[in-house]
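To keep things clear, I will list the structure first and then write my remarks on it.
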Amino acid sequence: MTFPRIHQLEQPARQRWPSRRSRAGKRRFSPYWFLVPATAFVIVFIAYPLITGVQLSFENAHSLSGGKFAGLSNYRHILDSTLFTKGLMNNTEFFLGSIFLLTPVAFVLALCLYSRQSLFRGAVRLILLVPLSTSTVVVAIIFSQLLGQRFGLYDYWLRLLGVGAVPWLTSPRIVMLSLVLLAMWGYMGLNVAYILAGLRGIGVEVLEAARIDGASYARTVRSVLLPNLRGILVFVGVQAIVGSYQLFARPDVLTQGGPQDASYTGVYYIYNEALQQFNLGASAAAGLVLMLVIVSLSAIVLGLARIEWHWLRMKEPS
Amino acid sequence: MTENANRSELGLGNTSPRGSSEIEQPEGISRRGFLKLMGVGAGVAAAGSVLAACGKAAPAASTSPTKKPVFHGNLEMWTFSASRSVWEKNMAKRFMALHPGVKIAVTVYPYYTMHDKLAAAILSGSGAPQLSDVEVNEIGRFFRAPIGLIDEGPLIAAAGGKSLFYEGEAFVPATWRGTTYGIGSEVDPVIFYVRSDMLEKVGIKPPTDYTTATPVVDTWDDFVTIGKEIKKATGHYMMQVDYAIGTGQWDMISLGRGGGLFDSAGSPQVDSDINIETLTFLHDLIYKHKIAIPSPGGNQSTTAGYTSLSSSLVVSSLDAEWFGYYIKKAAPNQSGKWIIQRAPRWPTGPHYAAEYGGTWQVIPKQNSQAQQELAWEFIQFMTFQAKNIVDEYTVGALFPTLKAASEGSYATIYKTGDPYFSNQSIGLLTETVAPTLKPEHTSPIWTDLVLPNKLLPATVFEPVLKANSTSPATALAAAQKKALQLYKSAGF
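Which chain is which? The protein sequence lines are A and B, in order. First residue of the first sequence: 1, per the numbering used here; consecutive thereafter. First residue of the second sequence: 1001, per the numbering used here; consecutive thereafter.
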């Protein structure tokens, strides 16, 4: 038996390495390949719906396949609608309630939890965060039973205390306050967590310096903690804007926008135009107007924060 | 994060030393150019999708009534009622056992969720089930253009015709401008439930023949007289009046007198003389005679409404035959203390059995011809066959619209007395009053008038019945004006 000599064996094809030029080309494109999934996501789930929404808002559309071009008539329709205006006013009322009730209470609670002397900090934090893990609709259903007149638990307690029944969800004057209180219950933990994270980010040396300078607790809060929390508070404010102007699930379950439209919101109008009236054009127009309101208010808050920041920087001794 | 930080982390810009040294800037295509390209791509994709949507094939034509069906495929059915879904799920099991090639999934959603999902599916042109239930307060919105439901009229005709049913309830509320879009399986006549122990406390003994003899509470005048006696003797209210959802006792009484929300063409008539007079009567029950209260939950079909019954805050109820099922569930401790009778009549004028409630089985157009045919076969199986439709009564006390289901051997099911209602039978009473049924004419603005916080609850019932802040005539006149505007703005 003879073995073939090595040069008689079939030689494997020589591996062809890409040229320097094609390697450079691949490298040039590689970042864009990484961008493709995110870009595709943005196109499919953000850009396309937005473009379709804009398109529908200019059409007399009764289905997603569109309708005849209607110019600005949908925008005229919603701006003439007292319901849409009323919805935006209610959103604003809810936003102001959130800002002036929820945020200060959350700040105080966060300060309490920040203090090393406070007891049961872990347990309190946990209790505050529990509502976040509960479905909004479930919460609304439970509260509809608690806040119900005559057979509601809260009214029962109030009667025991000798206080008359409170029309939590049936009085146009009180219903929005009830929704704000419900939001406080739901989002207090989250706001406390944000502010607490901000407080923990403040350097110990800054607080130490304030203490050495003889600053009182109130002065430390006002002159040290609050300015250092500016970024967090702006974030909480923007969150409040977005959440307040997208309010829907709670009024939907608890009051269906009533009584007398006192809890009717902008999103409720959008829902009503689309799914009750089958008027997709007006619904899309209302959606875009609401989006503009949210973006504008957020920009104002961010702008104010920037101006204030700039002003403080100017005041700092050089 | 700033723009520069973004750029440096991605290595795209030359503002960061790391970016400029480690990753070369592409030469053939700039970032701006790439984004432009993607933008054009997005535009093309969007335009393509829109064009595709515009050019979507027209919905399949209605199912042919003569074609032999193929029992193969999957059906999805949406429903909203837990009790009714028991019957529908049982029917699905039987149908699948008969036709092994068919799979039926009956999905129960919460009331508003289901109707909204169906509306969204019809608007978007995809995602609708092969068949669905639609409740009476919701059916109007589905008559707005474009109507996404098939015409069931020819199919019903081919299957034996409308005369097989109590037509008023089976078809009228689901028939818009001559086209029938659904078939209702329940009669839902309004009857009167009253606590016999309370009647006995004021010395009234009800007649044993509750179907043909003149009932104890014959007229609404009798209701006021007896109610005052009961209130005086026991402190209990006679009735809770709905004001927050639906049209409640106002429509039940008004329809029983020949009134109603709409005329036969679907135009609103909420401020008719009958309607004003009826609302004034309900207002007087609360504020003049003081024998009724606005329902604590806004409607007697709510937790607070049921608690009003179980706590004996109120001792009678005017509602459809299905409400008996909920009284039993809400107040099991009151077994044997309730009796039933036909609804009291207005002292003057005609008297009908008003219908209240109802659910229709509809088939969305957007499904294939074969799926529509299979869905119709399933509807026929459930609704046209007496042995199947009677099960709805055993599950939820829902008296069937199919006349044959109350005849022959099936009649015994309805004639069996219920110990809860002092051995009286809701089915037998229903059968007695069903021939005089007065249905509600439908309209595309029905939903706009009756859902919570919509026109009638918000501007009529709440201010008149709960707040007592305006007169019935004023509130109804204003509501009629608004209803006409809604009707016109809906394109009619």
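Just so you know, even glycine gets a beta-carbon here, dropped at the ideal spot from N, CA and C.
For this session: Identify every run of the alpha helix (DSSP H) within the segment 1376-1430 of chain B, keeping only runs that are complete inside it and at least 4 residues long; order them along the chain.
Result: 1386-1396 and 1411-1415
Exercise. Can you find a CB in chain B that lies within less than 9 angstroms of the CB of alanine 274 of chain A?
Worked result: Closer than 9 angstroms: yes.
For this session: Note down, in chain order, each residue of its chain lying with its Cβ closer than 6 angstroms to the Cβ of leucine 129 of chain A, except the 5 sequence neighbours on either side.
Result: Cβ within range, chain order: Gly189.
Exercise. Exposed or buried, tryptophan 33 of chain A, counting other C-beta atoms within 10 Å across all chains shown (16 or more means buried)?
Worked result: exposed
For this session: Using a cut-off of 8 angstroms between C-beta atoms, extract the partners of alanine 1145 of chain B located in chain A.
Result: His62 and Phe278
Exercise. What residues in its chain sit with their C-beta under 6 angstroms from that of histidine 77 of chain A, if we drop five residues either side in the sequence?
Worked result: Ala282
Problem set entry | histidine 1115 of chain B burial status per 10 Å Cβ neighbour count (16 or more: buried) | Counting of Cβ neighbours within 10 angstroms places histidine 1115 of chain B among the buried residues, the total reaching 16 or more.
For this session: Report the option in A:Ala285, A:Leu196, A:Leu254 and A:Thr220 whose CA atom is closest to the CA atom of valine 236 of chain A.
Result: Looking at the Cα atoms, A:Leu196 is the closest of the given residues.
Exercise. Beta carbon of isoleucine 147 of chain A, beta carbon of serine 171 of chain A: below 9 angstroms?
Worked result: Note that residue 147 of chain A is leucine in the sequence shown here, rather than isoleucine. No, these two residues do not count as a Cβ contact at 9 angstroms.
Problem set entry | 9 angstroms Cβ cutoff, alanine 1265 of chain B in contact with chain A | no
Exercise. Is the segment 1415-1433 of chain B in contact with the segment 1213-1231 of chain B, if contact means three or more CB pairs nearer than 8 angstroms?
Worked result: no
Exercise. Relative to the C-alpha of lysine 1403 of chain B, which residue among B:Thr1416, B:Asn1388 and B:Gly1417 is closest?
Worked result: The shortest Cα separation from lysine 1403 of chain B among B:Thr1416, B:Asn1388 and B:Gly1417 belongs to B:Asn1388.
Problem set entry | Sequence-distant residues of its chain with Cβ nearer than 6 angstroms to threonine 1359 of chain B (five each side left out) | Asp1133 and Glu1135
Exercise. Whose C-alpha, out of A:Gly87, A:Gln246 and A:Leu109, is nearest the C-alpha of methionine 291 of chain A?
Worked result: A:Gln246
Exercise. Three or more C-beta pairs closer than 8 angstroms, one from the segment 1253-1262 of chain B and one from the segment 1343-1356 of chain B: is that the case here?
Worked result: yes
Exercise. Looking at the unbroken beta strand (DSSP E) that takes in proline 1294 of chain B, where does it start and where does it end?
Worked result: Note, proline 1294 of chain B: beta strand (DSSP E), 1292-1294.
Problem set entry | Contact set between aspartate 1273 of chain B and chain A, taken where Cβ atoms lie within less than 9 angstroms | Correct list: empty, because the minimum Cβ distance to chain A is about 27 angstroms.
For this session: Taking threonine 1447 of chain B as the query, report the chain A residues whose CB atoms sit under 8 angstroms from its CB, ordered along the chain.
Result: Gln276
Exercise. Can you tell me the Cα-Cα spacing of serine 1406 of chain B and glycine 287 of chain A, whole angstroms?
Worked result: 52 angstroms
Problem set entry | Spatially closest choice to phenylalanine 194 of chain A from A:Leu229, A:Thr82 and A:Arg27, by CA coordinates | Here residue 194 of chain A is tyrosine; the residue named in the question, phenylalanine, does not match the sequence. The residue with the shortest Cα to Cα distance from tyrosine 194 of chain A is A:Leu229.
Problem set entry | Cut-off 7 angstroms between Cβ atoms - residues of its own chain near threonine 1447 of chain B, not counting five sequence neighbours on either side | Asn1137, Glu1138, Gly1140 and Arg1141
Exercise. Can you tell which of A:Leu50, A:Tyr75 and A:Tyr268 has its C-alpha closest to the C-alpha of leucine 64 of chain A?
Worked result: A:Leu50
Exercise. So, is glutamate 205 of chain A buried or exposed, given that buried needs 16 or more other C-beta atoms within 10 angstroms?
Worked result: exposed
Exercise. Going by beta carbon distance, what residues of the same chain come within less than 7 angstroms of alanine 1483 of chain B, once the five residues before and after it are set aside?
Worked result: Pro1268, Val1270, Ile1445, Leu1449 and Leu1455
Problem set entry | Per-residue burial, phenylalanine 1080 of chain B [other beta carbons within 10 Å of its own, 16 or more giving buried] | Around the beta-carbon of phenylalanine 1080 of chain B, 16 or more other beta-carbon atoms lie within 10 Å, marking it buried.
Problem set entry | Among B:Thr1211, B:Val1172 and B:Arg1084, the one whose alpha carbon lies nearest that of lysine 1438 of chain B | B:Val1172
Exercise. Applying a beta-carbon distance threshold of less than 9 angstroms, which residues of chain A neighbour glutamate 1462 of chain B?
Worked result: Thr170, Gly258, Pro259 and Gln260
For this session: Could you check if phenylalanine 1461 of chain B is buried or exposed, using at least 16 other CB atoms within 10 Å of its CB as the buried criterion?
Result: buried
Problem set entry | Three CB pairs or more closer than 8 angstroms across the segment 1188-1196 of chain B and the segment 1318-1327 of chain B | yes
Exercise. Under three-state DSSP, which class holds isoleucine 174 of chain A?
Worked result: Here isoleucine 174 of chain A sits in coil by DSSP.
For this session: Between the Cα of leucine 1155 of chain B and those of B:Ile1286, B:Ala1478, B:Glu1377 and B:Ser1409, spot the shortest distance and give me the residue it belongs to.
Result: It is B:Glu1377.
Problem set entry | Proximity test, Cβ basis, 9 angstroms: proline 1435 of chain B and chain A | no
For this session: Could you tell me which chain A residues have their CB closer than 9 angstroms to the CB of alanine 1119 of chain B, listed as they occur along the chain?
Result: Ala274, Leu275, Gln276 and Phe278
Problem set entry | Complete alpha helix (DSSP H) runs within the segment 10-82 of chain A (minimum length 4 residues, chain order) | Fully enclosed alpha helix (DSSP H) runs of 4 or longer: 20-42, 48-57 and 73-80.
For this session: Spell out whether any CB of chain B is found under 9 angstroms from the CB atom of tyrosine 264 of chain A.
Result: yes
Problem set entry | Host alpha helix (DSSP H) of phenylalanine 235 of chain A (start-end) | Element bounds for phenylalanine 235 of chain A: 230-245.
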